[in-house]
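As numbered in the working numbering, residues 1 to 334 make up the sequence shown, in order. The structure under discussion appears below in the form of structure tokens.
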Amino acid sequence: MDISTQKTIAPPPVQPSTAEQKRAARGATRPGDRVFVGLSRGSGILVLVIMAAIAAFLTYRAVLAISKDEANFFTSFEWNPSGTPPEFGIAVLVFGTVVSSIIAMVIAVPIAVAIALFITHYAPRKLGGTIGYVIDLLAAVPSIVYGLWGALVLVPNLNGLYGWLDAYLGWTGVLEWNGGAPRSLFTVGILLAVMILPIITNVSREVFRQVPQIHEEAALALGATRWEVVRLTVLPFGRSGVISASMLGLGRALGETMAVAMVLSPSFDIPASLLDPGGGTFAQNIASKFNEATTMGRDALIASGLVLFVITLLVNGAARLIIARRKEYSGANA
1 MDISTQKTIA PPPVQPSTAE QKRAARGATR PGDRVFVGLS RGSGILVLVI MAAIAAFLTY
61 RAVLAISKDE ANFFTSFEWN PSGTPPEFGI AVLVFGTVVS SIIAMVIAVP IAVAIALFIT
121 HYAPRKLGGT IGYVIDLLAA VPSIVYGLWG ALVLVPNLNG LYGWLDAYLG WTGVLEWNGG
181 APRSLFTVGI LLAVMILPII TNVSREVFRQ VPQIHEEAAL ALGATRWEVV RLTVLPFGRS
241 GVISASMLGL GRALGETMAV AMVLSPSFDI PASLLDPGGG TFAQNIASKF NEATTMGRDA
301 LIASGLVLFV ITLLVNGAAR LIIARRKEYS GANA
């Protein structure tokens, strides 16, 4: 056999050891990488420890209060933890928190999605940038400022809207207005909608910007109008992102305190109409009664705070699950 025709066989590459492979996978091949990995891991563990400590504290104080409660904690309509015997329940607080948050979501989500679509797909670049900047400024406004605006501007100017709702929808009973001051759960829902609008708009805007350009171009090449492009490509792609943005907004609406306390006329009962004064939320009840509460009263408020803590965790967890189940969202940059 001719030697020139023989193929040169290259020596097999040297395989790194298992320990080297693990270090490379962890990104710990350099001192800076090892420091960064350690800090990142420590930060994650610290967050979990803080969350566990908060949950343990709330649970301990809640157990002390509930064990002395002579009423049903979940169904009672009374809040008198300083009485003899103490009686308190969260039925009114659950109703007020859930109803006001639902009203806020019904108002804010369609408007936020419409604004995000206008900024990303309809408005000229300069106009879209200006609107986005204004939305970002709304997110930076403190809650106390929203509360002052709600109490001094929103409440005095809602009589016309309340009268219109009573005239056309009062027959339902849910939107019947008896002429009282518009310090109701419906007003709280409007105020919360304004507060969560920037959160939902900003997240939805970023999601819509990540829609693959090739999808939109393909729809346009097939003769689709701009609205058909939005309906067939943008909205399906960004559905999970909009849902997660709505969940984030819902999380803020559930825990809002000062703005609600300044607008709502508190009374520990469930109003017959959403336009009647009364009702309450978890955060508003804690803020308004904590300073004057006795030791037992504070434990009762902490017990209600534990319920709000669990609800907020469930909402955020649901948002994360929705994102994880939508593969097309996780691969948006592909």
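Ideal Cβ positions, reconstructed from N, Cα and C, are used throughout, including at glycine. Owing to the predicted nature of the structure, the values given are computational and were not obtained by experimental measurement.
Just how far apart, CA to CA, sit residue i and residue j?
i, j, result
"T257", "L220", "47 Å"
"L64", "K126", "58 Å"
"Y162", "Y146", "21 Å"
"A224", "E216", "9 Å"
"I243", "I200", "9 Å"
"A140", "V263", "20 Å"
"D33", "N80", "56 Å"
"Q213", "V307", "44 Å"
"T172", "L152", "29 Å"
"A56", "L46", "15 Å"
"F309", "I66", "16 Å"
"K68", "T294", "14 Å"
"Q284", "A253", "12 Å"
"S184", "H121", "37 Å"
"I335", "T130", "The structure shown does not extend to residue 335, since the chain is modelled only from 1 through 334, so no value can be given for it."
"Y60", "A53", "11 Å"
"A62", "R298", "10 Å"
"L232", "L222", "12 Å"
"V99", "L274", "9 Å"
"G255", "N157", "26 Å"
DSSP three-state label for residue i, please.
i, result
"G38", "helix"
"W177", "coil"
"G279", "strand"
"F88", "strand"
"S267", "strand"
"N202", "helix"
"N316", "helix"
"S143", "helix"
"A72", "Per the sequence shown, the amino acid found at residue 72 is Asn instead of Ala. N72: coil per DSSP, three-state reduction."
"S82", "coil"
"S273", "coil"
"S244", "helix"
"S67", "coil"
"Y329", "At Y329 the pLDDT is 45, less than 50, meaning the model places this residue with poor confidence and gives no usable figure here."
Under 6 Å Cβ to Cβ from residue i, same chain only, skipping five residues before and after it: list those, please.
i, result
"A334", "Interpretation of A334 is limited by its pLDDT of 39, a score under 50 that renders its predicted location unreliable; no figure is taken from the coordinates."
"G278", "S267, D269 and P271"
"L165", "L175"
"G124", "First, the amino acid is wrong: residue 124 is Pro here, not Gly. Closer than 6 Å at Cβ, skipping near neighbours: no residue."
"G132", "I119"
"G170", "E176"
With 16 other CB atoms within 10 Å as the buried threshold, where does residue i fall?
i, result
"S267", "exposed"
"F186", "buried"
"S330", "With a pLDDT of 44 at S330, under the threshold of 50, the modelled position of that residue is not reliable, and the figure given next carries that caveat. With fewer than 16 Cβ atoms within 10 Å of its Cβ, S330 is classed as exposed."
"I50", "exposed"
"N202", "buried"
"V207", "buried"
"D406", "Given that the chain is displayed from residue 1 to residue 334, the structure contains no residue 406 and the question cannot be resolved."
"N159", "exposed"
"W227", "exposed"
"T97", "buried"
"A167", "exposed"
"F106", "Per the sequence presented here, residue 106 reads as Val, with Phe not at that position. The residue is exposed, with fewer than 16 neighbouring Cβ atoms inside 10 Å."
"I113", "It is worth fixing the name first, because residue 113 is Val in this sequence and not Ile. Flag for V113 reads buried."
Using beta-carbon positions only, say whether residue i and residue j come within less than 7 Å of one another.
i, j, result
"R205", "I119", "yes"
"I196", "A318", "no"
"P86", "M296", "yes"
"T312", "G249", "no"
"G42", "I103", "no"
"A261", "A300", "no"
"I302", "L58", "yes"
"F73", "G83", "no"
"F282", "S304", "yes"
"L191", "G150", "yes"
"I135", "P198", "yes"
"S143", "A245", "no"
"V234", "V211", "yes"
"V194", "M247", "no"
"I322", "S240", "yes"
Counting only C-beta atoms, is residue i closer than 7 Å to chain B at any point?
i, result
"L93", "In summary, chain B is missing from the structure at hand, where a single protein chain is found."
So, at 7 Å on beta carbons, what are the nonlocal neighbours of residue i in its own chain, with the 5 sequence-adjacent residues on each side left out?
i, result
"E328", "Bear in mind that the predicted position of E328 carries a pLDDT of just 47, short of 50, making it unreliable; the figure below should be weighed with that in mind. So the list reads F237, once near-sequence residues are dropped."
"V92", "F77, F268, D269, I270, G279 and G280"
"A332", "Residue placement at A332 is flagged as unreliable, the pLDDT there being 43, under the threshold of 50; the coordinate-derived value follows with that caveat. Closer than 7 Å at the Cβ level, and outside the excluded window around A332, lie Q210."
"V35", "none"
The ligand FMN and residue i: does the residue's C-beta get closer than 6 Å to at least one heavy atom of that ligand?
i, result
"R61", "As presented, the structure is devoid of all ligands, the ligand FMN included, so that no description of it is given."
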